[in-house]
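Undergrad:
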Amino acid sequence: MGDDGLQACGVVMEARAPGKVILCGEHAVVHGATAVAAAIGLYTHARIHLLTGEDNLLVLDLPPFQVHLSWPLSQIQSVLDLSSLHKAYPQDVQSISESWSAKLKQLTDEQLPADADKGLQAGVVAYLFLHLYILGLQPTKMTVTSELPIGSGLGSSAAFCVSITGALLAAAQQLDLHRHLGPTEEGDMQRWLDVDDKDLDIINRWAFEGEKIIHGRPSGIDNTVSTFGYIVKFRQGQLSRIQTTMPLNMLLTNTKVGRDTKSLVAGVGARAQRHPKSMAAIFDAVDSISEEVVSILQSNSEESRIEHNIVESKKDGHAQSELVHNTVSRSVEEIKLEELVQINQGLLQSMGVSHPCIDAICCRTSKHKLQSKLTGAGGGGCVLTLLPHCLKSKAIEEVKADLAAEGFECFQAHIGGKGVQISKK
Ligand SMILES: Nc1ncnc2c1ncn2[C@@H]1O[C@H](COP(=O)(O)OP(=O)(O)OP(=O)(O)O)[C@@H](O)[C@H]1O
Ligand SMILES: C[C@@](O)(CCO)CC(=O)[O-]
Ligand SMILES: [Mg+2]
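Residue 193 in UniProt numbering sits at position 193 of the sequence shown, and the numbers go up by one each step.
The structure is reproduced here in structure tokens:
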């Protein structure tokens with residue numbers, strides 16, 4: 001018996017799914033443009049315990065929200081028509097119907113406090129939907145923890161959907177798993193298994209259905225990166241993996257301004273309806289930026305090894321800054337990437353998804369001759385700053401200290417690692 005008095009029957013499955021950064025193309029990707037994104041080494045973990053028949057419950061623990069929810073299976077049966085589930089197979093990915101959506105909201109509202117966040121309600125509905133369709137009415141306890149800041153542009157909603165889908169499919173014994181032969185990450189004693197490619201596709205498709213419940217109109221880029229990992233180019237549901245020898249270092253700064261992706265995506269959609277031609281031109285420009293970023297990342301030319309010195313800041317228009325004194329060498333590719341980041345940020349501002357805090361961070365980092373843009377849905381959340389490979393750690397610490405003095409929290413994360421993985425106990 002566990003601390004909570006529930007009888008676990010010994011089977012525990014855990015899935016971990018990474019967050020992501022979008023290098024370029026957010027929002028425009030919803031309207032058909034290309035975007036480039038990478039997995040980051042911060043994970044959401046979904047742990048599922050199968051319970052014995054004595055506990056006829058579905059239990060959901062969400063420590064980041066200090067929420068513990070529990071539904072008797074009989075209550076779920078009395079609210080929902082589950083007959084269609086008996087015919088469904090986990091491979092047969094389905095969308096939530098209007099009637100299920102209303103009934104799952106009712107089941108969720110009965111459990112959540114009256115003043116609970118609407119975003120949290122949507123996350124719980126996504127969990128119930130995925131659980132019932134993938135695992136059926138099996139008594140379980142699911143605990144979801146996360147290293148990601150939630151609602152901050154690093155794909156927490158996608159990592160939530162991908163990790164719970166992975167854990168549910170693993171518990172339903174629907175995944176082919178491979179022991180991965182590489183060294184385990186330092187300090188990580190848990191053995192993570194890779195998922196077969198065909199099963200990754202099923203995880204991704206279910207997670208997309210979860211994202212639709214949380215977001216309204218996702219492009220699918222976030223769940224795709226969280227599932228497949230690495231660095232990807234994404235356009236209209238199609239992904240291709242980008243292999244690059246270019247070191248991609250960046251600083252992530254959390255504005256800590258709360259926002260939700262659903263309303264930001266809806267806001268850009270409304271602007272596009274009001275100004276179809278102008279917004280189409282912006283989305284086209286973003287598409288070109290992403291295509292250029294892909295070709296820069298994939299170029300392995302001699303040119304990339306030629307180092308260029310950036311003119312000292314005092315000689316250009318930023319002479320007012322007392323902060324800029326370092327001259328940093330950059331490759332031609334790094335210079336181009338920085339310009340594209342700057343152009344993309346300008347276009348995101350035109351879409352109406354920047355925020356004074358984001359603009360302040362971009363301005364602050366430009367005084368260190370570094371380029372920044374929002375990442376994810378914007379409106380607050382996180383900002384990424386490109387760090388040229390020659391930038392010394394002392395200089396990075398100076399930027400961090402400068403941003404910290406403004407009240408912003410900065411961190412670095414590993415870029416381009418694996419996607420969802422499973423661990424069994
Ligand atoms: N660990 C978690 N536990 C429960 N719900 C979560 C968790 N992580 C994310 N969510 C769900 O995702 C929602 C936040 O998603 P949202 O898309 O607004 O932000 P994000 O995914 O962090 O940023 P972006 O979409 O810009 O990358 C929360 O309101 C909740 O529904
Ligand atoms: C804003 C957006 O483009 C990225 C959110 O991380 C939404 C989406 O693509 O689903
Ligand atoms: Mg999201």
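Backbone N, C-alpha and C fix where the C-beta goes; we use that ideal spot for every residue, glycine too.
Going straight from the alpha carbon of T143 to that of C410, what length do you get?
TA: Walking along the sequence shown from the start, residue 143 turns up at place 143. Walking along the sequence shown from the start, residue 410 turns up at place 410. Answer to the nearest angstrom: the Cα atoms are 28 Å apart.
Undergrad: How would you write the range of the beta strand (DSSP E) that L374 sits in, first residue to last?
TA: Working through the sequence shown from its first residue, we reach residue 374 at position 374. Per DSSP, L374 belongs to the beta strand (DSSP E) from 372-374.
Undergrad: How many angstroms separate the CA atom of R179 from the CA atom of L193?
TA: Numbered from its first residue, the sequence shown carries residue 179 at position 179. Numbered from its first residue, the sequence shown carries residue 193 at position 193. Roughly 5 Å between the two C-alpha positions.
Undergrad: Expressed to the nearest angstrom, what Euclidean distance is found between the alpha-carbon atoms of I335 and G119?
TA: Counted from its first residue, the sequence shown places residue 335 at position 335. Counted from its first residue, the sequence shown places residue 119 at position 119. If I take the Cα positions, the gap works out to 39 Å.
Undergrad: For S226, count neighbouring C-beta atoms within 10 Å of its own C-beta (all shown protein chains included) and say buried if the count is 16 or more, exposed if not.
TA: Translated into positions along the sequence shown, residue 226 becomes position 226. Classification for S226: buried.
Undergrad: For E406, collect the residues of the same chain with a Cβ closer than 6 Å to its Cβ; drop the 5 residues on either side in sequence, then sort them by chain order.
TA: Position 406 of the sequence shown, counted from the first residue, corresponds to residue 406. Nothing meets the Cβ criterion.
Undergrad: For A39, is the beta carbon positioned less than 7 Å from some heavy atom of ligand 3?
TA: Numbered from its first residue, the sequence shown carries residue 39 at position 39. False, no ligand heavy atom lies under 7 Å from that Cβ.
Undergrad: So is the beta-carbon of I150 under 7 Å away from any non-hydrogen atom of ligand 1?
TA: Within the sequence shown, the letter at position 150 stands for residue 150. Indeed, a heavy atom of ligand 1 lies less than 7 Å from the Cβ.
Undergrad: Since H49 and V12 are thought to touch, with beta carbons under 8 Å apart, how far apart are those beta carbons, to the nearest angstrom?
TA: Position 49 of the sequence shown, counted from the first residue, corresponds to residue 49. Position 12 of the sequence shown, counted from the first residue, corresponds to residue 12. That belief holds up - the Cβ atoms of H49 and V12 are roughly 5 Å apart, short of 8 Å.
Undergrad: Measuring alpha carbon to alpha carbon, tell me which of L370, Q75, A395 ends up nearest L337.
TA: The sequence position of residue 337 within the sequence shown is 337, counting from 1. Of the candidates L370, Q75, A395, the one whose C-alpha sits nearest the C-alpha of L337 is L370.
Undergrad: Ligand 3 and S157: does the residue's C-beta get closer than 7 Å to at least one heavy atom of that ligand?
TA: Looking up residue 157 in the sequence shown gives position 157. S157 Cβ: within cutoff of ligand 3.
Undergrad: Check whether the Cβ of D222 lies closer than 7 Å to any heavy atom of ligand 2, and answer yes or no.
TA: Taking the first residue of the sequence shown as position 1, residue 222 is located at position 222. Yes, the Cβ of D222 comes within 7 Å of a heavy atom of ligand 2.
Undergrad: Who are S423's beta bridge partners in DSSP?
TA: Taking the sequence shown and counting its residues from 1, one reaches residue 423 at position 423. Bridge partners of S423: E14.
Undergrad: Distance check for T108 and H414, CA to CA, integer angstroms please.
TA: The residue you call residue 414 lines up with position 414 of the sequence shown. The residue you call residue 108 lines up with position 108 of the sequence shown. The straight-line gap from Cα to Cα measures roughly 36 Å.
Undergrad: Mapping the DSSP letters down to three states, classify S226 as helix, strand or coil.
TA: The residue you call residue 226 lines up with position 226 of the sequence shown. Three-state DSSP puts S226 in a helix.
Undergrad: Do V341 and C390 have their beta-carbon atoms positioned less than 8 Å apart in this structure?
TA: Within the sequence shown, residue 390 is the residue found at index 390, counting from 1. Within the sequence shown, residue 341 is the residue found at index 341, counting from 1. No, the pair does not count as a contact, with Cβ atoms beyond the cut-off.
Undergrad: Here's the rule: buried if 16 or more other CB atoms are within 10 angstroms of the residue's CB, otherwise exposed. What is residue 451?
TA: Since the displayed the chain opens at 1 and closes at 425, residue 451 lies outside it and no answer follows.
Undergrad: Can you say whether R47 is buried or exposed, counting buried as having 16 or more other CB atoms within 10 angstroms of its CB?
TA: Here residue 47 is taken as the residue at index 47 of the sequence shown, counted from 1. Looking at its Cβ environment, which holds 16 or more other Cβ atoms inside 10 Å, R47 is buried.
Undergrad: Look up S97 in the DSSP assignment and say whether it is helix, strand or coil.
TA: Here the question's residue 97 lines up with position 97 in the sequence shown. Looking at S97 - three-state DSSP - the assignment turns out to be coil, as it is neither helix nor strand.
Undergrad: Starting from Q77 and walking both ways along the alpha helix (DSSP H), at which residues does that stretch end?
TA: Counting from one through the sequence shown, the residue named residue 77 turns up at place 77. Taken as a continuous stretch (DSSP letters only), the alpha helix (DSSP H) holding Q77 covers 73-79.
Undergrad: Where F129 and L347 are concerned, what is the direct C-alpha to C-alpha distance, given to the nearest angstrom?
TA: For the purposes of this step, residue 129 is taken as residue 129 along the sequence shown, with counting starting at 1. For the purposes of this step, residue 347 is taken as residue 347 along the sequence shown, with counting starting at 1. Going by the C-alpha atoms only, they are around 36 Å apart.
Undergrad: Tell me Q238's beta-bridge partners as DSSP assigns them.
TA: Here residue 238 refers to the residue found at position 238 of the sequence shown. In DSSP, Q238 forms a bridge with R235.
Undergrad: What number of angstroms, rounded off, separates the C-alpha of Q94 from the C-alpha of A395?
TA: Sequence index remark: in the sequence shown, residue 94 carries index 94 (1-based). Sequence index remark: in the sequence shown, residue 395 carries index 395 (1-based). Cα to Cα, Q94 sits roughly 50 Å from A395.
Undergrad: What I want to know is whether the C-beta of G210 ends up closer than 7 Å to one or more non-hydrogen atoms of ligand 1.
TA: As a working mapping, residue 210 is identified with position 210 in the sequence shown. It does not: the Cβ of G210 is nowhere closer than 7 Å to a heavy atom of ligand 1.
Undergrad: Would you call the region 272-281 and the region 231-250 touching, i.e. three or more CB-CB distances under 8 Å?
TA: Touching, no.
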